Structure formats: structure tokens, C-alpha cells
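Number of protein chains: 2
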Amino acid sequence: MSLKNKINPTESELEILQLLWEFGPSSVRFVNDKQNENKEVGYTTTLKIMQIMADKGILIVNKEQRQHVYSSVIDESETKGNLLDGFLKKTFSGSAKKLVMQALGNHNPSKEELEEIKKLISEIENKSK
Amino acid sequence: MSLKNKINPTESELEILQLLWEFGPSSVRFVNDKQNENKEVGYTTTLKIMQIMADKGILIVNKEQRQHVYSSVIDESETKGNLLDGFLKKTFSGSAKKLVMQALGNHNPSKEELEEIKKLISEIENKSK
DNA sequence: TTCTAACTACGAAATTATTCGTAAATAAAT
DNA sequence: ATTTATTTACGAATAATTTCGTAGTTAGAA
Chain G
28 MSLKNKINPT ESELEILQLL WEFGPSSVRF VNDKQNENKE VGYTTTLKIM QIMADKGILI
88 VNKEQRQHVY SSVIDESETK GNLLDGFLKK TFSGSAKKLV MQALGNHNPS KEELEEIKKL
148 ISEIENKSK
Chain B
28 MSLKNKINPT ESELEILQLL WEFGPSSVRF VNDKQNENKE VGYTTTLKIM QIMADKGILI
88 VNKEQRQHVY SSVIDESETK GNLLDGFLKK TFSGSAKKLV MQALGNHNPS KEELEEIKKL
148 ISEIENKSK
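Protein sequence lines, in the order shown, are assigned to chains G and B. Every letter in the first sequence is one number past the one before it in this note's numbering, and letter 109, counting from 1, is 136. Every letter in the second sequence is one number past the one before it in this note's numbering, and letter 111, counting from 1, is 138.
Spelled out as C-alpha cells, the structure:
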């Protein structure tokens with residue numbers, strides 16, 4: 028994909044994407060059940076949004092069975108990268124540093140998390156040598 | 028402020044807040060001019076949103092002069108922290124680590140940024156000793 | 001076969017956020 | 001003093017997203 032097709036899922040679209048990324052291709056029923064573990068969401072609401080996503084080309088549908096099976100077409104980390112980018116611009120004037128520092132400062136990361144991050148930093152440093 | 032008043036500015040509210048945080052108490056005209064350096068925004072649009080924000084208690088207005096002067100009531104880093112929190116939940120299942128790693132991985136931070144982040148990490152590590 | 005339950009299709013209502021037009025008030029300029 | 005420009009007030013139009021009701025269809029159970 029050469030020219031970026033900047034996909035910006037809405038909030039409820041993202042919610043559904045997260046489930047499809049985690050559990051793979053799923054029926055509306057399955058997705059709706061998962062959503063209802065957290066908060067009440069009407070079945071037809073989930074259906075409608077998944078249909079809209081399919082229209083937009085974010086999902087593809089397999090209609091061979093009566094229970095249609097939906098799968099995500101878009102890549103998880105690419106999409107999250109885009110979302111992060113937008114959030115970064117809007118909230119931290121595009122500075123990853125500011126965001127990272129706010130994230131680290133606010134969230135009391137565990138020793139293990141810090142270790143992983145330090146590891147990642149040295150990897151990045153080594154790559155650019 | 029004891030019980031969190033979870034303030035969630037919308038996108039255009041945040042845009043205005045950023046300006047008020049940077050430049051301090053300002054008139055609608057000033058804010059609107061700043062906005063128009065980037066993109067066209069109607070004057071009454073800016074006015075309306077700032078009035079709404081004042082209604083919500085996000086801004087306070089000084090009406091002594093004809094040009095009302097608006098100031099932010101909410102704290103910059105607290106608000107950004109809240110926004111980050113929400114974004115984190117929605118997009119990275121609340122894991123600051125995932126987000127930080129995505130941010131660092133995606134944004135080719137400069138050597139200086141990495142240094143600052145490492146410094147911050149050691150500060151956090153020392154604090155918890 | 002007939003009844004019932006589950007599913008899709010569809011459109012409209014509700015919600016939230018944003019934009020804009022117009023009127024009224026005030027100050028500044030001529 | 002009259003005109004002109006700037007500002008606030010207000011409500012309505014627009015837009016985007018989400019929710020929901022209802023009808024029609026299909027599959028499975030009785």
C-alpha cells in the first residue's frame with residue numbers, strides 16, 4: 028500500500044476491531060456478546076456498525092453461512108499507529124517525547140515495563156549507529 | 028479537587044485550550060486569529076465554543092471589558108493526563124507500555140529525546156527505591 | 001408442517017459536536 | 001451626530017456517530 032489510505036475508525040468501530048484482532052473472524056453475535064461483558068450494547072447496534080464498517084471496506088464479510096462472519100481488513104499496529112499519530116498531534120503537538128514522558132510520569136509503570144522500554148531504547152540507539 | 032471531575036474536552040475545545048494554556052487569558056478575537064493561522068475557522072464558531080466551554084465551567088470569563096477575556100480553569104497536564112488515559116484504554120487496553128513502545132517505535136525519536144526519556148526512567152527508578 | 005428463535009436489512013430517531021447566519025449592543029471613526 | 005466596525009447573544013442548520021424499532025428471512029424445534 029503505497030499512498031496511505033488513512034483509516035480512522037470511530038470509537039465504536041475501534042471497539043469492534045479490537046475484538047476481531049484478538050479473536051479473529053467472528054459473527055455479530057460473538058462480538059456483541061463480548062461487548063456486553065462490559066456494557067450493554069443492543070444487538071442491532073453492533074450489527075449496524077459492523078455493516079457500516081463492511082461498507083467502508085474496513086471489514087470483509089463471508090456470507091456463506093447464515094451467520095455472517097466478519098474479519099478485519101486493516102492491520103492492527105498500523106491502525107493503532109495512525110490513531111496514535113492523530114492523538115499525538117491533537118494533544119501533544121506531535122511530540123512523542125512529551126507523550127511518552129506524560130505516560131511514564133502518570134502511570135507508575137512496573138520495573139519490568141521500564142526494563143522493556145530501556146531495552147527498546149537501546150535497540151533503537153543501536154539501529155541508528 | 029478531591030473527587031475527580033473527569034473533564035473531557037472535545038477536539039475543538041482542546042484546540043482552544045492549547046492556545047489559552049500557551050498564551051494565557053485571551054479574547055475570542057485573539058484565539059480565532061491564532062486558529063486561522065492554520066485553518067479557516069469562523070469567528071462566531073470560536074465564540075460559540077468558548078461560550079459553551081464557559082457554560083461547562085472549563086473556562087471563566089472576565090466581562091469587564093467589551094472584549095471578554097477567557098481563561099482556562101483546568102490544568103494542562105492533568106487534562107492531558109486524562110485524555111491520555113482515555114486514549115490508552117480505548118486503544119492500548121490501558122497499557123502504557125504498549126503505547127510507549129508504539130510511540131518510540133513509530134516516531135524515530137532523536138538522540139536527545141531518547142536521552143531525556145532515559146533520564147526520566149532513572150528518576151522513576153530512583154524514586155521507587 | 002407449523003411455530004419459534006435467531007439473524008439480516010433498512011431506515012429513522014436520538015445524540016453529540018460543529019458551523020453559521022442574523023440580530024442586538026457597544027465602541028470607535030468620520 | 002451619524003455611520004461603520006467589532007463584539008456578544010442566540011438559535012437554528014449541518015454533520016457525524018450511535019442507537020433502536022420493525023419487517024422480512026431463514027433455520028431449527030416441536
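From the three backbone atoms N, C-alpha and C, an ideal C-beta is built for every residue, glycine too. Computed from a predicted model, the values in this text were never measured in an experiment.
- Item | Under 8 Å between C-beta atoms of A81 (chain B) and Y70 (chain B) | As a working note, residue 81 (chain B) is residue 54 in the second sequence. As a working note, residue 70 (chain B) is residue 43 in the second sequence. Not closer than 8 Å, so no.
- Task: Please report the residue range of the alpha helix (DSSP H) in which S39 (chain G) lies.
- Result: For the purposes of this step, residue 39 (chain G) is identified with residue 12 of the first sequence, where counting begins at 1. Taken as a continuous stretch (DSSP letters only), the alpha helix (DSSP H) holding S39 (chain G) covers 38-50.
- What's the gap between the Cα of L126 (chain B) and the Cα of L110 (chain G)? Here residue 126 (chain B) refers to the residue found at position 99 when the second sequence is read from its first residue. Here residue 110 (chain G) refers to the residue found at position 83 when the first sequence is read from its first residue. Taking C-alpha positions only, L126 (chain B) is separated from L110 (chain G) by approximately 11 Å.
- For the stretch 36-65 of chain G, which residues have a beta carbon sitting closer than 7 Å to at least one beta carbon of chain B? E38, L41
- Counting contacts by CB-CB distance shorter than 8 Å, is L110 (chain G) in contact with chain B? Position 83 of the first sequence, counted from the first residue, corresponds to residue 110 (chain G). Closer than 8 Å to some Cβ of chain B, the Cβ of L110 (chain G) qualifies, so yes.
- Query: Can V58 (chain B) and T73 (chain B) be called in contact, C-beta distance under 8 Å?
  - Reply: Locating residue 58 (chain B) in the second sequence gives position 31, where the first residue counts as 1. Locating residue 73 (chain B) in the second sequence gives position 46, where the first residue counts as 1. Against a cut-off of 8 Å, the Cβ pair of T73 (chain B) and V58 (chain B) comes out as a contact.
- Message: Within the continuous alpha helix (DSSP H) that includes V58 (chain G), where are the two ends?
- Response: In the first sequence, residue 58 (chain G) corresponds to position 31, counting from 1. DSSP places V58 (chain G) inside the alpha helix (DSSP H), whose first and last residues are 55-63.
- Query: Beta-carbon separation of L47 (chain B) and S104 (chain B) under 8 Å?
  - Reply: Start at 1 with the first residue of the second sequence, and residue 47 (chain B) comes out as number 20. Start at 1 with the first residue of the second sequence, and residue 104 (chain B) comes out as number 77. At a Cβ-Cβ threshold of 8 Å, L47 (chain B) and S104 (chain B) do not count as neighbours.
- Message: According to DSSP, is S149 (chain G) part of a helix, a strand, or is it coil?
- Response: On the first sequence, residue 149 (chain G) is found 122 positions in, with the first residue counted as 1. Helix.
- Check each candidate in B:K75, B:I151, B:K138, B:K116 and name the one with the smallest Cα separation from S137 (chain G). Taking the first sequence and counting its residues from 1, one reaches residue 137 (chain G) at position 110. Among B:K75, B:I151, B:K138, B:K116, the Cα nearest to that of S137 (chain G) is on B:I151.
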